[in-house]
Each structure stands twice: as structure tokens, then as C-alpha cells.
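Position one of the sequence shown corresponds to residue 380 (our numbering), numbered consecutively onward.
For glycine and all other residues, C-beta sits at the position ideal for the given N, C-alpha and C.
Contents: one structure, followed by commentary.
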Amino acid sequence: RPRQTGGGTPTRPRHPCAKMFPNLFIINSTGEVLIEKHWEGKAPRKVVETFMEQQVKKERKIDVTPVIETPKCFLVHSRRGDIVLLTAINKETAPLFVLEIHNKIMQVMYHYFGPSVSSRTVRDHFSLIYHLLDEMVDGGFPFTTDINQLQAMIQPPTIVNKMMETFANSDSVKKALPEGMLTKIPWRRTGVKYHSNEICFDLLEEINCIIERNSNLSVCEIKGSIVCTCRLSGMPDITLTVTHPSLIQDAVLHRCVRINRFRRDRVISFVPPDGRFTLLTYFLRGPAQLPIFVRPSITYTDGSGNVSISIGSKMREYKAIEDIKVVIPFPKEMLSSNLTANSGSVSTVETATGHHREVHWNLPRIPQNKSPTLEGSVLFPPGFKADYRPTLVVHFNVKMWNTSGLQVDGLNVTDVKYKPFRGVRTATRAGRFHVRC
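In C-alpha cells:
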């Protein structure tokens, strides 16, 4: 059943404990508190020490469960790089609700500060982050989480804005509420004007699957999204139709989509926000057409192992499969490897945890005239016997092709006097693409 997401002013629950976001600690890898914010009560900083104690007990930081139970509360955390978002909740609050707010906060921070948000970024912009948190969460409830609305109220930290704050003594937070915030379409700002009007759609799909030793597909899930880049003047109304709309069953719609019409006619009708946003996300489960095949053969004997891996395209019509990377894990006892490929490059790396070693086979693209193969042997200490078969992890990108066959069938722009440029691109990449040996 389709459901909608997005920012705005939600209807507040009447129950005092229902879906409250009480506090937020943003800490670095050593446990130092960078940001501390409380909306309901005040959680002691001791919860940070408790979290760090639980983290020390694990060999890897990623092994710490997202929800940690303590005698007095539950600790919910999300890790992004070298920073951790931590919230202490009671048993009445849903952990997934807290994790979703963590995710939304990080999305906003990525939009304001770039794709690499670190502890130094938080230190440099802690005042701006406090302003954003004040707008995003009000009294413990999500309030304004739409990026376009936040940008209209709080300016991003550009060089021009920093100079204005320094020399003109101006604030990045606007004194008056921006126009359009209280209209029926708060996600789109008023007075938008472009010299060149254009709207583009990217149909992106990600393949998550497990392929067994006999090449059978045991698990497969396709995660797709329609990403829109809108640079249109005025207040356009857009109608988008796709081929095979019945494929879109388990869908998440942007709040701008008219959900009743989508349910009735399977037509995506909306007034778009300005800029880039995710219009729709969908999930497909079951057998799917894969663009690539991987045939591994890895056998171990006393003190050595033989490796033979071949890959190739499974598509009937030729499409370039690019940025291929095959990761082959081996036991940490591996002494050396003698692997050669007829295409691409081969390297051996030590994992950060030290639990095993990996061989990386990188190819810029799959050639048309030959099938890439990797062959050779690996060396272990005398008498060593490997007790497991490795699972290969494969990465790739395919442009102008998607595995579901979903395509844009029609695009109509109304309520404007100009004729905009319209563009559609498709792409598929590997998500968790695992091949068992």
C-alpha cells in the first residue's frame, strides 16, 4: 500500500508518551559530546558513558545493536562516519521512529554541509545545527523536516553568506517567516523564476540478491526510486505516467504526490518542490533479470587454494556494464596470492578489522570481444585447512537500463505558459550483490 513521507506540521498525538523524540546527543568516536539537545526532560550525560561501555565490549563498532537496553531506559543510536547520533528513550517510544528522525537529521546535514559530514563539520557549524534542530523538532515532535522549507528559513553556509554575517552583521536565520510557508503547498517556495526551464527524472534501481553455488537465485529484491530535478518557473502542475504501473505496489511517495489519484488511476500527479528530490521509492521482490553473471570456483588443498572466476553480460541488447569490482574474501592466514586477470587489475588488501584478507578485482567495463577471467592460486601456511567457502561481493553500474522494465510513458506539464525541456535517464547498480562459492 502506498504511503507518503515528508516534512510539514504533523497532527500531534494526544497521548503524552506517543512517539516523542525526547533528546539528542551527537558524539564523536571517543565519546565527546558535540551537540546536546533536550525537548522533554533532561537525560543525564551518563547515558553516553553507558553507550561507550557497550561499544568497547564489541570487537567492531558496527556490531553494536541499534537499540541497547539499560535498567532505566533504551539507547537508540545511528552511526555515520566518525559521529554517532544517540537518543535515550522510555519503553513507550518506538525505536524505528527515533531512527527515522536520526536519518532525516543526517539527510539535512548532508544537504547543508556536503556528503562528508564529520565531527569537525559539527564543531565548525554547531550554531547552525542547533538552529536546524529547533526547526526540525518542536516539543519532541517532528515539525519542519522538508529541505526546501528549511532552506527558505535557514540559509546554507555558503561563502557569500559567511561574508554577509561577518561584514554586514546579518544572521543566517531569517527574521520573518518566508512566503509560502503557510500555504496549501508549503514544500514549494513562491516566486520561482528560471531563464531556462527544465525538469528531469532519474529512474534508479539497486539489486540486492544472493546467488547460490549452482547459479540459482535464492533471494532477490529490487529497490527503485524516481528522483526528480525540477527547475521550473511559477507553480507548475505535473502528471507522470509509467509503463507497467502495477509493478509499483510497495511504494513510498513524496508528500507532494496526490495519493488518492495514485491509488485510483496509478498516475503520479503533483506540484513539485524546487530542486532535486525523491518523488517515489518502490520495492520489488522475487526473480528478476540480472545484467551480469559471475561463475566462481575456489577450492582449497593443504597449504594452498585454486581460484577461477569468470564474469560476463547476460543482457540481450548490449549495454555497457561499468565500474565492476569483485571482492573475494580469504582467511587472514593467507600468506600471498598469485592471481592474474585477462582484463582489469588485481590487488590484495587487509581489512580494517583484520578478520580476513581480500582480493579486489577491478574492471572499468566488460569488453564485448572477450569474457573476463581471474585465475591463479593463493598460499597458506603448511597444513592449514580453510573451514569455509567465501562469498563474493560484486559491484557494478549499468546506464540507460533497469532490471524491472519500468519506464516513463508520459509527462505533462500544465499551469505554465512556457514549454520546458524534459529529460529521463535510467540506471541500475549493485546493492548487496552476493555470490556464494
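CA-CA distance, D644 to I590, rounds to 37 Å.
Here D461 carries a coil assignment [DSSP, helix/strand/coil]. Spanning the alpha carbons of S687 and K749 requires a straight line of approximately 16 Å. In the displayed model, S625 falls within a helix according to three-state DSSP.
Of the candidates F775, L669, C635, S676, the residue whose Cα lies closest to the Cα of F656 is C635. Put simply, of S612, P761, V725, V814 the residue whose alpha carbon is nearest the alpha carbon of Y679 is P761.
For I441, no beta strand (DSSP E) segment is defined, and its DSSP state is neither H nor E.
Its chain contains T782 as the residues whose beta carbon lies nearer than 7 Å to that of Q668, once the 5 sequence neighbours on both sides are disregarded; these appear in chain order. For the options V427, Q434, I484, D461, the alpha carbon positioned closest to that of I468 is the one of V427. In this chain, L611 is not harboured by any alpha helix (DSSP H), its DSSP state being neither H nor E. The alpha-carbon separation between D653 and W566 amounts to approximately 8 Å. At a Cβ-Cβ threshold of 7 Å, T770 and R815 count as neighbours. Counting only residues of its own chain and dropping the five nearest sequence neighbours on each side, K704 has a CB closer than 6 Å to the CB of N741, H774. A contact between stretches requires three or more CB pairs, one per stretch, nearer than 8 Å, and the segment 782–794 fails this requirement with the segment 711–718.
Excluding sequence positions up to five before and after C452, its CB lies within less than 8 Å of the CB of A422, V426, A467, I468, N469, all in the same chain and listed in chain order.
When the alpha-carbon of E737 is set against those of P743, R744, E729, the nearest one is in E729. In the assembly as shown, S692 is a buried residue. Its beta-carbon has 16 or more other beta-carbons within 10 Å.
Note on E584: 16 or more other CB atoms within 10 angstroms of its CB, so buried under the neighbour-count rule. Excluding sequence positions up to five before and after D788, its CB lies within less than 7 Å of the CB of T620, V621, T622, all in the same chain and listed in chain order.
Between the alpha carbons of G410 and V757 lies a gap of roughly 41 Å. Under the three-state reduction of DSSP output, E591 falls in the coil class, being neither helix nor strand. Using a 10 angstroms sphere on the CB of N576, the tally of other CB atoms reaches 16 or more, which defines it as buried.
For T429, the uninterrupted alpha helix (DSSP H) run begins and ends at 425–435, by DSSP.
Following the DSSP letters along the chain, one finds L512 inside the alpha helix (DSSP H) bounded by residues 505–515. Residue state for I700 is assigned as strand, using DSSP reduced to three classes. Residue state for V795 is assigned as coil, using DSSP reduced to three classes.
Taking C-alpha positions only, A806 is separated from Y797 by approximately 29 Å. Note on the segment 734–816: there is no whole alpha helix (DSSP H) run with a minimum of 4 residues.
The straight-line gap separating the alpha-carbon atoms of D766 and S594 is approximately 22 Å. For Y679, the three-state secondary structure derived from DSSP is strand. Excluding sequence positions up to five before and after V455, its CB lies within less than 7 Å of the CB of P445, V446, T466, I468, P474, V477, L478, all in the same chain and listed in chain order.
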